[in-house]
Amino acid sequence: GAVVSQHPSWVICKSGTSVKIECRSLDFQATTMFWYRQFPKQSLMLMATSNEGSKATYEQGVEKDKFLINHASLTLSTLTVTSAHPEDSSFYICSARPMGLADNEQFFGPGTRLTVL
Amino acid sequence: AQKITQTQPGMFVQEKEAVTLDCTYDTSDPSYGLFWYKQPSSGEMIFLIYQGSYDQQNATEGRYSLNFQKARKSANLVISASQLGDSAMYFCAMREESYNTDKLIFGTGTRLQVFP
Chain G
130 GAVVSQHPSW
140 VICKSGTSVK
150 IECRSLDFQA
160 TTMFWYRQFP
170 KQSLMLMATS
180 NEGSKATYEQ
190 GVEKDKFLIN
200 HASLTLSTLT
210 VTSAHPEDSS
220 FYICSARPMG
230 LADNEQFFGP
240 GTRLTVL
Chain H
150 AQKITQTQPG
160 MFVQEKEAVT
170 LDCTYDTSDP
180 SYGLFWYKQP
190 SSGEMIFLIY
200 QGSYDQQNAT
210 EGRYSLNFQK
220 ARKSANLVIS
230 ASQLGDSAMY
240 FCAMREESYN
250 TDKLIFGTGT
260 RLQVFP
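As you go down the protein sequences, you meet chains G and H in turn. Under my numbering, the first residue of the first sequence carries the number 130, and numbering increases by one thereafter. Under my numbering, the first residue of the second sequence carries the number 150, and numbering increases by one thereafter.
As structure tokens, this is what we get:
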């Protein structure tokens with residue numbers, strides 16, 4: 130099956146710093162990747178849709194200047210949490226769907242746990 | 150309004166028994182897909198099963214089957230012959246397909262615990 134990786138798997142940072150999370154599709158190309166946030170014991174909430182070569186589409190209530198998304202290639206999307214604060218501590222998960230595939234599956238990365246002190 | 154509703158925050162089942170996890174949905178899109186994912190404590194999302202709105206038959210994948218009742222807008226997951234390794238969070242999700250988007254909307258999840 131298709132594999133999506135995320136790096137780092139966990140990160141601890143100080144308040145006010147920026148953190149970059151990478152999402153890579155290892156064995157397929159994806160024009161679209163998705164970024165989700167999951168608070169403890171809660172569901173996944175879609176933050177934004179990342180489109181290769183164009184601007185990301187953010188969900189209502191998600192600050193685009195705080196959560197910068199770049200989808201520079203068909204296998205890589207990055208999420209940068211700028212000026213992170215403790216309330217940004219969460220589990221961030223990306224997903225991708227292979228290009229040109231009729232399959233209905235969307236492949237998820239293993240997630241990145243962010244803790245802001 | 151909630152698009153995906155999972156009313157069971159937690160469920161217990163004995164090993165080897167079957168269990169049904171409930172999911173109801175709300176959409177005006179005639180074309181949609183319904184998904185179930187498993188999330189173990191490690192955090193990764195594992196795809197289990199998919200049902201398209203136009204599929205005539207209920208989807209099945211091994212021990213997983215989806216009881217799709219379109220008129221009731223329900224898509225319950227049935228796990229047969231439960232195993233200890235089935236203990237995890239289970240999320241129902243929907244994709245509205247008329248707008249050519251892959252965006253998934255998730256329910257709040259059900260925590261399943263399988264006991265010996």
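For every residue, glycine included, the Cβ atom is placed at its ideal position computed from N, Cα and C. Nothing here was measured: the structure is a model prediction, and the numbers come from that model.
The DSSP-derived three-state label of glycine 159(H) is strand.
Taken in chain order, the members of the segment 136-163 of chain G whose beta-carbon sits within less than 8 Å of a beta-carbon on chain H are Thr161 and Phe163. In the three-state scheme derived from DSSP, where H, G and I count as helix and E and B as strand, glutamate 216(G) is classed as helix.
In terms of CA proximity to proline 265(H), Gln163(H) leads the group Gln163(H), Ile198(H) and Gly211(H). Pairwise C-beta distances place the segment 224-233 of chain H in contact with the segment 163-174 of chain H, as three or more of them are shorter than 8 Å. Residues of chain G with a Cβ closer than 9 Å to the Cβ of leucine 253(H) are, in chain order, Phe163, Tyr165, Leu173, Leu175, Ser224 and Gln235. Nearest CB-CB separation between glycine 240(G) and chain H: below the 8 Å threshold. Three or more beta-carbon pairs drawn from the segment 168-185 of chain H and the segment 194-214 of chain H are found closer than 8 Å, and the two stretches are therefore classed as touching. At least one CB of chain H lies nearer than 8 Å to the CB of phenylalanine 220(G). Scanning chain G for C-beta atoms nearer than 8 Å to the C-beta of glycine 234(H) yields nothing, as the closest lies near 18 Å away. For leucine 246(G), the three-state secondary structure derived from DSSP is coil. In this model, valine 263(H) and glutamine 157(H) are separated by some 15 Å (Cα to Cα). Taking C-alpha positions only, serine 154(G) is separated from isoleucine 198(H) by approximately 21 Å. By the neighbour-count criterion, in which a residue is buried when 16 or more other Cβ atoms sit within 10 angstroms of its Cβ, phenylalanine 163(G) is buried.
Taken in chain order, the complete alpha helix (DSSP H) segments of 4 or more residues contained in the segment 159-243 of chain G number zero; there are none. Chain G places a beta carbon closer than 8 Å to that of threonine 257(H), counting this residue as a contact. Counting the other Cβ atoms within 10 Å of the Cβ of arginine 221(H) gives fewer than 16, which makes it exposed.
Against chain G, a Cβ distance below 8 Å from phenylalanine 217(H) picks out nothing, because the smallest value is about 14 Å.
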